[in-house]
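Note that the sequence shown covers residues 2 to 79 in the working numbering. Note sheet for the following structure.
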Amino acid sequence: MSLMEEAPASHRQRVVRTAIRLLAVLTVTGGITVVCSRVVPVNATTAGFVFLLAVLVLATGWGLLEATGAFRTCEKPS
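Shown next, in the form of structure tokens:
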């Protein structure tokens, strides 16, 4: 038996909802990246501001976990 089979339905729904939201976060940040670099070329300050707005909207609507995921995907790799 897997862990998901033993978990109550509400827990499974919460896990699925969180996974879908994290995939949505990746899609949004990827979309912002494509738009800001290819469709409408903007400077780094404008792109950063758009990412900031996206993280703030996600934090307001969905919560800390999804906003943290969005923030981590927006960071420039070191």
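Think of the CB as a built atom: it goes at the ideal place given N, C-alpha and C, for glycine as much as any other residue. As the structure is a computational prediction, the values presented were derived from the model and not from experiment.
Expected contact under 8 angstroms - CB spacing of residue i and residue j to nearest Å
i          : j          : result
residue 67 : residue 59 : 5 angstroms
residue 71 : residue 55 : 6 angstroms
residue 43 : residue 37 : 5 angstroms
Candidates the options: closest to residue i by CA position
i          : options        : result
residue 73 : 22, 15, 27     : 27
residue 65 : 14, 17, 22, 43 : 22
residue 49 : 20, 12, 33, 17 : 33
residue 63 : 13, 25, 41, 51 : 25
For residue i, three-class secondary structure by DSSP
i          : result
residue 62 : helix
Cβ of residue i within 8 angstroms of any chain C Cβ
i          : result
residue 19 : Among the protein chains of the structure shown there is no chain C, as only one such chain exists.
Return the chain-ordered ranges of every alpha helix (DSSP H) run that is complete within the region 24 to 57 and spans a minimum of 4 residues.
none
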